[in-house]
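At position 102 of the sequence shown the residue is numbered 132 (the working numbering), and the sequence of numbers has no breaks.
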Amino acid sequence: HDQITNVCGQPMPSLELMILGVLRVLGGGYSFNNIREGNGACEASNRNFFHMFCRNMAKQYPKYVHPPTSPDEIFKTTEMYRKKGFPGCIASCDCVHIPWDKCPAQDLPSYKGKEKYPTIAYQVCVDHSGKALSITSGFPGTFNDKTIARYDSFLQSVHQGTRYAQEEFDLYVGGGRVQTHKGLWIMVDQGYHRWRVLQCPLPYTVDPDRRQWSRALESCRKDVECFFGRLKSRFRCVKIPCNFWYKDEVDNMFITCCILQNIILAHDAQTTDGADAADVQVDENTEDEEYEGMDNRESFPRQPIVSSSSHHRLPLENDQDLTTSIQSGWMELQSALILHYKEALAIGAVEY
């Protein structure tokens with residue numbers, strides 16, 4: 031067939047070459063000018079196509095990144111944690127910071143945090159197989175985990191009882207007896223709120239049972255850290271400083287990388303936990319019309335961005351205090367989980 035040309039009569043690169051250029055930018059961190067040698071498109075064309083590709087990939091967020099909803103999906107997810115000695119756990123959660131080299135000068139006080147350079151923070155929840163279940167939009171790098179957790183729609187739905195509140199799980203209480211608990215929970219580090227649904231390891235304890243449980247929880251919680259490691263190893267664009275001018279472009283790029291990570295995980299013959307790839311479900315029945323009007327991402331509330339004229343923290347509902355407070359039920363569930371782990375370990379019901 032005839033070669034497609036642009037308005038100047040120059041040959042246009044094929045769609046396959048343009049997509050390969052996008053993947054080279056994502057995987058290798060190349061500039062748009064560098065991939066010109068590969069696909070023959072100019073720098074402006076590569077840049078425009080890259081952002082269009084990432085923008086449309088981000089619209090597929092509900093299809094490829096979603097928490098388990100059906101009883102079968104919930105069982106498969108919690109079963110992986112139950113075998114490790116943590117019944118009732120549905121996910122691991124943590125934040126990752128992406129360097130932003132083109133942060134506007136007036137916004138530097140908001141985005142330059144503990145890393146000493148401007149970053150954008152994303153909170154990600156993953157299951158033990160390494161599949162991303164929920165991702166927030168980007169927050170200024172000065173925001174800590176407690177602040178971001180209050181804007182995470184997935185964490186809030188679990189915390190407020192609108193998701194997984196009626197799910198049951200059994201814990202050993204000694205003497206061969208089990209006790210049934212309601213409400214699934216999430217693994218986090220010590221930087222999060224002391225909510226019942228957020229269980230973290232204990233950094234300072236002299237009790238041997240609590241110390242043993244904390245070490246096991248910290249080891250199991252590394253699945254989210256491994257997710258970040260694989261993401262940065264596979265997509266160098268999220269490891270090196272980003273040169274995009276607009277935060278939405280960085281958001282779309284990060285979401286695209288996470289979606290591709292889930293697609294690769296579903297495509298692999300085996301997941302990192304050894305389960306069959308069919309266990310990594312993709313919601314193929316979601317209608318395309320569902321994506322429209324959702325501002326690119328179903329679970330991505332567009333939080334107000336800190337402006338250049340106001341660098342204080344975002345207003346929270348009822349102006350909640352961000353200091354660490356212990357919610358009712360947090361200590362009770364933690365004690366029950368520690369006792370269960372001790373009993374399960376004694377009878378050989380914990381897999382390493």
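Idealized CB from N, CA, C, for every residue including glycine.
With a 10 Å radius around the Cβ and a threshold of 16 neighbouring Cβ atoms, Pro238 comes out exposed. Pairing Leu375 with Gln242 gives a Cβ-Cβ distance under 9 Å. Between Gln153 and the set Asp131, Ala121, Lys146 and Gly70, the nearest pair of CA atoms involves Ala121.
If you look at Phe80, you'll find it in the alpha helix (DSSP H) that goes Glu73 to Ala88. Contact between Cys272 and Trp130 holds: their C-beta atoms lie close to 5 Å from each other, under 8 Å. In the DSSP annotation of this structure, the continuous segment of the alpha helix (DSSP H) that includes Tyr371 starts and ends at Trp360 to Ala376. With 16 or more neighbouring CB atoms inside 10 Å of its own CB, Glu373 falls in the buried class. When DSSP states are grouped into helix, strand and coil, Leu228 belongs to the strand group.
Under the 10 Å beta carbon count, Met82 is surrounded by fewer than 16 other beta carbons and is classified as exposed. Spatial neighbours of Cys288 in its own chain (CB-CB distance under 8 Å, excluding positions within 5 residues in sequence) are listed in chain order as Val95, Val154, Ala162, Ile165 and Leu261.
Within the DSSP bridge table, the entry for Cys272 names Trp130 as partners. A straight line joining the alpha-carbon of Asn282 with that of Ala88 spans about 6 Å. Among the bridge pairs identified by DSSP, Gly204 is matched with Arg207.
By the CB criterion at 9 Å, Ser244 and Leu232 fall inside the cutoff. Across the structure, Glu73 and Ile150 are spaced so that their CA atoms are roughly 26 Å apart. In the DSSP assignment, Phe199 is bridged to His211.
Contact check between the region 214 to 224 and the region 172 to 184: three or more CB pairs, one atom from each, fall below 8 Å, which counts as touching.
In the structure shown, Thr286 adopts helical secondary structure according to DSSP, grouped into three states.
Secondary structure note for Thr166: it is in no beta strand (DSSP E), with a DSSP letter that is neither H nor E. The beta carbon of Arg266 is closer than 6 Å to those of Gly58 and Gly59 in its chain, skipping five residues each way along the sequence.
Around the beta carbon of Val156, 16 or more other beta carbons lie within 10 angstroms, which makes this residue buried. Excluding the 5 residues flanking it on each side, Phe258 has same chain C-beta neighbours closer than 7 Å at Val126, in chain order. Shown here for Gly143: same chain residues with a beta carbon closer than 7 Å to its own, the five before and five after excluded, namely Thr149, Gly171 and Thr172 in chain order. Membership of Ala179 in the alpha helix (DSSP H) is indicated by the continuous run Asp175 to Ala179. Per DSSP, Gln186 is one residue of the alpha helix (DSSP H) stretching across Ser183 to His189. Nearest to Arg226 by C-alpha distance, out of Ala195, Pro41, Gly70 and Met42, is Ala195.
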